[in-house]
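For reference, the structure is listed below as structure tokens.
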Amino acid sequence: MAYDHLEIEGRWQRYWEDHQTFRALRRAGRPKLYALDMFPYPSGHGLHVGHPEGYTATDIVARYRRMCGWDVLHPMGWDAFGLPAEQHAIQTGTHPASTTASNVATFRRQLRMLGFSYDWSREIDTTDPGYMKWTQWIFLKLFAKGLAFQAEVPVNWCPALGTVLANEEVIDGKSERGGHPVVRQPLRQWQLRITAYADRLAADLDGLDWPETKAKQREWIGRSEGAEVDFRLEGRSESLRVYTTRPDTLFGATYMVIAPDHPLTVTIATPEQRPAVEAYVAAARSKSDLERTACREKTGVFTGARAVNPVNGEPIPVFTADYVLGSYGTGAIMAVPAHDERDFEFATRFGLPIVEVVSPDGALHGPLANAFTEPGIAVQSGQFTGQTTAEMKGDITAWLAAKGLGEAKVNYKLRDWVFSRQRYWGEPIPIYFPVRTAGDPRGGDPYEIDYSRPIAVDQSELPLRLPDLEDYKPGGDPAGPLAKALEWRFFQKDGAWYARETNTMPQWAGSCWYYLRYLDPRNDTAIFDPAAYDEWMPVDLYVGGAEHAVLHLLYARFWHKVLFDIGVVKHPEPFQKLVHQGMILGDPQLIAYQKADGSWVSSDRVTTGAGDEDYVEAGTGVPVTAVRVGDDAVEKKAGGLRLKVDGETRVQSVAFKMSKARGNVVNPDDVVREYGADSLRVYEMFMGPLEQVKPWQTAGLKGVRRFLDRVHTVARRPLSDTPPDPTTQKLLHKTLKKVSEDIEHLRFNTAIAAMMELVNHLASLEAPPRQGIEWLVLMLAPFAPHLAEELWSSGDAAGGGLARPPSIADVAWPAYDPSLVVDEVVEIGVQVNGKVRGRALLARDASEAEAREGALADENVRRFLEGKSIRKLVYVPGRILNLIVG
RNA sequence: GGCGGAGUGGCGGAAUGGCAGACGCGGCGGACUCAAAAUCCGCUGCCCGCAAGGGCGUGUCGGUUCGAGUCCGACCUUCGCUACCA
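For the first sequence, the numbering used here assigns the number -16 to the initial residue and increments by one for each residue that follows.
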């Protein structure tokens, strides 16, 4: 019978709150669990069904461990700085803090409505001055260690909009909004020297229980080993240094390329070539990274300069081309067209010589059709000819070093982290600069800021709060909106004027260390009490989206390591075990394909055409369009779904990403109102493995609700106080074992399936045994906590219901009897020549002879043995019996 | 192009190298009902067969094994990430 989920769930949420049921307490001698969710950005759209997926997973583990007697820290907070609130402010004039506060209120309500066992007394908000204070404190530590520094970095500056734009906001060199020109302009930016930690960030991944994310981080860090080599420039005193991972191909270097933004590019150009070089450099500067990589055709110009190949004294031309990046390696390369695809392409285009120096077989192959990039045997390489690639790499590097021409070098793709934003809604960077002025800069008198002398705000002055602004629009000053807050920006100290930094921190800042603040969230005198750290760290389980696999998780690890180095934290890594929940797609839709003349094409005969959204009929290439059809237009026929109109045309069932445009967004508020929070929780866990991408299916949600109703019905029947019958007893212990182990391995879908089987069995009994219902309700408690509390505490001791005192969250998880989870008698399959021909009921540890006897009792098995002799017998007790006959 | 997942009924999915398809959805049949909904019970991979039973089945091809969804090799499809990093 359906229960009143709204009444029950609201009541128990109030109970937990009133009784502080989930206050995190640390008691001596108990194991602990720190279960952490990636805290959300409180957007104006409210909670998405994707959020509760990961949150339910950690909540089940947290509640389970509590019941096992562990001390649990399971907190929640808000990553509340960010662009949308600022955009909203620009459009409406509402202060971002008030937008944020109301968004947070919505998120908090929605999360409470789902019954998560968070310790709400530890709630944090990255925009709260009490939190921001410590974000700024960490920045000052970075600054003091020389890890936060200023540099000129090219950015997308749009003078008309008066703002810096992100790469994706720039299209064809114009602003996405308004189509104003955008220039790449160097701007003073704060950077964090994450590259100083590149090695440790890569190496320490080894010990972590993380998924494929580790590979992504390694790739992002991009460690490579090679050599730097100096090339003398003809007629100049400087030489050009290059980085290469293939020093063994040095004999094949037939030209060089210097990045357009390399400091020497224009300098080394000959007078005849200089105008062309300058034009190319200017054009390259105005291109964004996106544009540069979108256009694959190699371009470049000859600088007129020539360098000398140090191994053979050959003069080789120096080009500038934008396929070489100024920011990687030395910003210049030796080009070996025979053994590098990019150089091959460029050389072909510009008619440059291609010299083979590595051969797969040691022989020469004449003109190459493609670059050979594999390792091989050196050819045409002087004294190194005949060496393998690996040998020659080592030898030639040593040779270069001995001659003073180069050295071994490790390089990283990882760049230093541009840490400043020209935005309002972020943490102010707690730095100020000396100002030269004759009057009062706040009153408009001329001034000059000396950015070369940054001064740290004194720790006692933290938090440095944001000033209120009347207008949050970027004001045409690359320094950002804060530059307009003159009263805030300028101040006098000991008679001298100073100006605050007007850039703010990026959104990543607050999330870099939030897991540490949960330990001691209201501490005003320290980032946290070291005792609190010892109680709970490290994080035992961290669940969140894979979209943060690189940036957030890498930045957080970086800050953690810095804090480790200055003795603030005691573990080199913050997150021991990491899991990414899979995305939830929309309800699948039925798609049929139709030609322009209205005729249908079976979905298995349709392939994608030129574009992503173009479909064509396989073979003919006739374009077809995808049409959404209703459930009632389709019937199930042999081997698939077919259109009813002709009974022939195959139809496809496709799940798309949830989006407003498709109209397939599921709102948790609606689900909770109609089916209840427990249904949503259990359904999201039942959909499939946590890490997997899964389509939402409202019908499946209904099935889960049906299961919960069934639990409710069975539990409210008159209970029997006699011990369970042996079958029930066995099933109880087996189910408990499976549910316990499945929770520990985050296999929630199969745990739920096991509970469904148990309920189906208990429902078949005349009067379910009390112990059975008790265990069922206990097992269900981490998954569907509201219903479990209700069933645990309601009823009367005389007959129906368990009538036990709340809260079930504090009741000990039962223990199963290992002797009751193994079957004495098992049914095994009997195979003849590997095909199942019958079954045999056997004792678990039956001997081979007994098994053979049991198998021969089966009539069908005997039929297949007729006239043949058993040549071999494979018997795995409890599993299989295979008779090989001939 | 590179890296990493994933391909199992009509759908979501389950299976320490050992009876493929648990559990749920959907579908079909039945009970209850004046009727419907809800609920309960049964059946449900495909093909042949009245049935007993048989054949075929985990993307494709090959291999290892008494035995392969699972292990190995090649390929196809698909999703995600990444993309001139020398």
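All residues carry an ideal CB built from backbone N, CA and C; glycine is no exception.
Measuring straight from C-alpha to C-alpha, what distance separates residue i and residue j?
| i | j | result |
| --- | --- | --- |
| residue 827 | residue 860 | 7 Å |
| residue 367 | residue 377 | 11 Å |
| residue 301 | residue 288 | 6 Å |
| residue 204 | residue 170 | 25 Å |
| residue 102 | residue 518 | 16 Å |
| residue 573 | residue 616 | 10 Å |
| residue 788 | residue 4 | 14 Å |
| residue 213 | residue 224 | 4 Å |
| residue 471 | residue 457 | 16 Å |
| residue 856 | residue 833 | 13 Å |
| residue 705 | residue 753 | 8 Å |
| residue 668 | residue 537 | 28 Å |
| residue 319 | residue 233 | 7 Å |
| residue 813 | residue 823 | 7 Å |
According to DSSP, what are the bridge partners of residue i?
| i | result |
| --- | --- |
| residue 431 | 419 |
| residue 241 | 303, 315 |
| residue 765 | Per DSSP, none; premise fails for residue 765. |
| residue 400 | 175 |
| residue 61 | 108 |
| residue 857 | 865 |
| residue 131 | 175 |
| residue 137 | 169 |
| residue 821 | 813 |
| residue 43 | DSSP, once it has assigned bridges, lists no residue as partnering residue 43. |
| residue 285 | 302 |
| residue 563 | 527 |
| residue 414 | 439 |
For residue i, which of helix, strand or coil comes out of DSSP?
| i | result |
| --- | --- |
| residue 712 | helix |
| residue 454 | coil |
| residue 584 | strand |
| residue 448 | coil |
| residue 871 | Because residue 871 is not part of the residues shown, which for the chain are -16 to 869, the question remains open. |
| residue 298 | strand |
| residue 92 | helix |
| residue 901 | This structure gives no information on residue 901, because the portion of the chain shown stretches from -16 to 869. |
| residue 86 | helix |
| residue 879 | This structure gives no information on residue 879, because the portion of the chain shown stretches from -16 to 869. |
| residue 572 | strand |
| residue 337 | coil |
| residue 662 | helix |
| residue 388 | coil |
| residue 475 | strand |
| residue 697 | helix |
| residue 494 | helix |
| residue 723 | helix |
| residue 56 | strand |
| residue 610 | strand |
| residue 235 | helix |
| residue 17 | strand |
Write down the C-beta distance between residue i and residue j rounded to the nearest angstrom, noting that I regard them as a contact closer than 8 Å.
| i | j | result |
| --- | --- | --- |
| residue 853 | residue 864 | Not quite, the Cβ-Cβ distance comes to about 11 Å (not below 8 Å), so this is no contact. |
| residue 140 | residue 168 | 4 Å |
| residue 728 | residue 196 | The Cβ separation is near 19 Å, so there is no contact. |
| residue 674 | residue 194 | 7 Å |
| residue 437 | residue 123 | Going by Cβ atoms, the distance from residue 437 to residue 123 rounds to 11 Å, so no, they are not a contact pair. |
| residue 338 | residue 361 | 12 Å between Cβ atoms; not a contact. |
| residue 380 | residue 210 | 5 Å |
For the ligand ATP, I want to know if residue i counts as a neighbour, meaning its beta carbon is within less than 7 Å of at least one of the ligand's heavy atoms.
| i | result |
| --- | --- |
| residue 285 | No copy of the ligand ATP appears in this structure; indeed no ligand is present at all. |
Kindly confirm or deny that the segment 527 to 539 and the segment 503 to 512 touch, where touching means at least three C-beta pairs closer than 8 Å. Using a Cβ-Cβ distance cut-off of 8 Å, the segment 527 to 539 and the segment 503 to 512 are not in contact, since fewer than three pairs of beta carbons, one from each stretch, lie closer than that value.
Taking contact to mean 3 or more Cβ pairs, one atom from each stretch, closer than 8 Å, check whether the segment 406 to 420 and the segment 433 to 451 are in contact. Verdict: yes, contact present.
Between the segment 55 to 75 and the segment 22 to 32, do three or more beta carbon pairs fall short of 8 Å? Verdict: yes, contact present.
Should the segment 676 to 696 be called in touch with the segment 795 to 813, which here means at least 3 C-beta pairs below 8 Å? Verdict: no, contact absent.
Between the segment 371 to 387 and the segment 97 to 110, do three or more beta carbon pairs fall short of 8 Å? Taking 8 Å as the limit for Cβ pairs, the verdict is that the segment 97 to 110 does not touch the segment 371 to 387.
The segment 34 to 41 contacting the segment -9 to 7, beta-carbon criterion three pairs below 8 Å: Counting Cβ pairs under 8 Å, fewer than three are found: no touch.
Are three or more beta carbon pairs between the segment 804 to 814 and the segment 80 to 97 nearer than 8 Å? Touching, no, given that fewer than three Cβ pairs across the two stretches are closer than 8 Å.
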